[in-house]
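Presented below is the structure to which this report refers.
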Amino acid sequence: MAHALRETMRLPIHTLRVATNRGPLEVRRTVPCPSHDPVSLEQCRTCERLDGITRDASGLETGVACHPPVRDRNAGERTLWSRLSGHDAPPDPARTPIAAIMTCDVTCVSADFSLEAVAALFLDKHIGAVPVVDYEGCPIGMLTKTDLVRDDFGGDSALAEPDTFELTVRVRARVIDLMSPIVHTLRQRDSVSTAAALMLKERLHHLPVVDDNGRVAGMLSTFDFARWIVYARPA
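Here my numbering is used: the first residue of the sequence shown is 1412, the next is one more, and so on.
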């Protein structure tokens, strides 16, 4: 029984990088706490239920091990966090939450960021889209490489490999001048099949994922789907 009470739940660390014209990247690192709203990584470090922090091959902190309260583990309905614990994570798209396959390290930009700087960001980070967020980290728009290319060439022409083309954008233009003001989002607990249906219907390649406060918590792309299909554990 003592072992059961010390069951470990593994939670991802969400990294939100916001590029603005006010200076260096603003980096916010949070953990989706099973008992509270998302908390900062620093708050998590001081929690008595923390059992350790995991790192990737480069030494970057990517997740935490937590001992959740008994009431959270024994809830009648399986929560998002219990489904991510490793004991109940089937590769069934209707039962797998988006949080299990999304990218947790997300780069966002502010609406006043320059298009020239965004073009450099796309090439440097090897990404194809960025959520545009407000001061609180809530999405207010989306900007993609296709938007930049279409604006630059005045049409819908598609260019070749995204990491090889050169972008010539108006130096003084801002993100708000070109971003799409319509943002389709889903929450972390929504299923992979729900996300796939939305992305197919709206013809999206990138989908911001938000937490219960409406702040960006992750990013889902067609690449994430491909990775999940290849590496998903057999049922």
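Glycine is no exception: its CB is placed at the ideal position from the N, C-alpha and C atoms.
Rounded to the nearest whole angstrom, the C-alpha separation of ALA1643 and ILE1551 is 32 Å. The beta carbon of MET1610 sits closer than 7 Å to those of LEU1618, all from its chain and outside the five residues before and after it, given in chain order. Distance between ASP1622 and ASP1448, taken at the CA atoms: about 9 Å. A residue is called buried when at least 16 other Cβ atoms come within 10 angstroms of its Cβ; GLN1454 does not meet this threshold and is exposed. Under the criterion of beta carbons closer than 8 Å, PRO1502 and MET1420 do not qualify as touching, at roughly 20 Å.
In the structure shown, ILE1464 adopts extended strand secondary structure according to DSSP, grouped into three states. For ALA1476, the enclosing beta strand (DSSP E) begins and ends at 1472 to 1477. Per DSSP, VAL1641 is one residue of the alpha helix (DSSP H) stretching across 1633 to 1642. Residue pairing for CYS1519: DSSP places it in a beta bridge opposite VAL1429.
Per DSSP, reduced to three states, the secondary structure at VAL1603 is helical. The continuous alpha helix (DSSP H) containing VAL1529 extends over residues 1526 to 1536. In the three-state scheme derived from DSSP, where H, G and I count as helix and E and B as strand, GLU1437 is classed as strand. Bridge pairing for SER1451: THR1441 [DSSP]. By the beta-carbon neighbour count (other beta carbons within 10 angstroms, threshold 16), LYS1536 is exposed. CA-CA distance, ALA1430 to ARG1626, rounds to 15 Å.
In the structure shown, ILE1593 adopts coil according to DSSP, grouped into three states. One thing to note: THR1507 has its Cβ no nearer than 8 Å to the Cβ of VAL1641. Relative to HIS1595, the option among ARG1585, THR1633 and VAL1620 whose CA is nearest is VAL1620. In the DSSP assignment, the residues bridged to GLY1552 are VAL1543. Selection VAL1520, GLU1418 and LEU1452 evaluated against THR1441 yields LEU1452 as nearest (Cα-Cα). For VAL1621, the enclosing beta strand (DSSP E) stretches over residues 1617 to 1621.
Between VAL1543 and CYS1519, the CB-CB gap stays under 8 Å.
With fewer than 16 other beta carbons inside 10 angstroms of its own, ASP1588 counts as exposed.
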